[in-house]
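**Student:** Questions regarding the structure given below will be posed in turn.
Residue numbers (our numbering): 208 to 292.
The structure is reproduced here in structure tokens:
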């Protein structure tokens, strides 16, 4: 299994299918990939996208005192939803 799609520069769909199963819904937002395991409707996917984008701008959910959070903020990463908020 090839983890990264060299042409796109991010993890391949095959990687996500292997990790989360073929039913996972994937939304790519630049360096962030949202993985929806709960099969949300389109409106919920849009709400989640807005929440993730807002968090990127405001730093919501990332603690500035946390070395792991600082590292995560600057690198490609996944946000995984597995149930309703």
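Idealized CB from N, CA, C, for every residue including glycine.
Assuming residue 236 contacts residue 287 (C-beta within less than 8 Å), just tell me the rounded distance between them.
**Tutor:** No, residue 236 and residue 287 are not in contact; Cβ-Cβ is about 14 Å, not under 8 Å.
**Student:** Taking only the alpha-carbon atoms, compute the straight-line gap between residue 279 and residue 228 and give it to the nearest angstrom.
**Tutor:** 24 Å
**Student:** Would you list the residues sitting across from residue 241 in a DSSP beta bridge?
**Tutor:** 234, 286
**Student:** Since residue 283 contacts residue 238 with CB under 8 Å, what's their CB separation in whole angstroms?
**Tutor:** 4 Å
**Student:** If I'm right that residue 379 touches residue 217 with Cβ under 8 Å, what's the distance once you round it to whole angstroms?
**Tutor:** Since the first residue of the chain shown is 208 and the last is 292, residue 379 is not available in this structure.
**Student:** Identify, in the order they occur along the chain, each residue of the same chain with its Cβ nearer than 8 Å to the Cβ of residue 246, setting aside the five sequence neighbours on each side.
**Tutor:** 230, 232
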